[in-house]
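Worksheet for the structure shown next.
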Amino acid sequence: MALEITDATFDEVVLKSDKPVVVDFWAAWCGPCRMVGPIIDEVSTEYEGKAVIGKVDVDANQEFAAKYGVRNIPTVLVFKDGEIVNRQVGVSPKKVYTDAIDALL
4 MALEITDATF DEVVLKSDKP VVVDFWAAWC GPCRMVGPII DEVSTEYEGK
54 AVIGKVDVDA NQEFAAKYGV RNIPTVLVFK DGEIVNRQVG VSPKKVYTDA
104 IDALL
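For the sequence shown, the numbering used here begins at 4 and goes up steadily by one.
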């Protein structure tokens, strides 16, 4: 399962990570988010120990969604060394996310 990331933990978990980090910005009421969620969970299992895979509920945690210009959900951001290196808006196939991680490993 993907890690639940909040505004309070974002800095430590995402920005200070020494591994690539994939962050799924989502909300419970968002239909397409429910399609991406299981894909993100699969990726989390496959990349355990190699990358950090997490989710941010934008209804409860708006600070970093606003900071990174997340206006549509689902939006998946990939971070390396605290910087965004990839952005996917909407539903994408699993390979899009795994290719983004593989490019950083």
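Backbone N, C-alpha and C fix where the C-beta goes; we use that ideal spot for every residue, glycine too.
**OP:** Answer with buried or exposed for residue 56, where buried requires no fewer than 16 other C-beta atoms within 10 angstroms of its C-beta.
**Re:** buried
Original post:
How long is the line joining the alpha carbons of residue 112 and residue 37, rounded to whole angstroms?
Top reply: Outside the modelled stretch of the chain, which goes from 4 to 108, sits residue 112, for which no answer is possible.
Subject >> Three or more C-beta pairs below 8 Å linking the region 33-52 and the region 9-18 >> reply: no
Subject >> For residue 27 and residue 76, the rounded distance between their alpha carbons >> reply: 9 Å
Original post:
Around the Cβ of residue 78, are there at least 16 other Cβ atoms within 10 angstroms (buried) or fewer (exposed)?
Top reply: buried
**OP:** Select from 15, 18 and 45 the residue whose C-alpha is nearest the C-alpha of residue 96.
**Re:** 45
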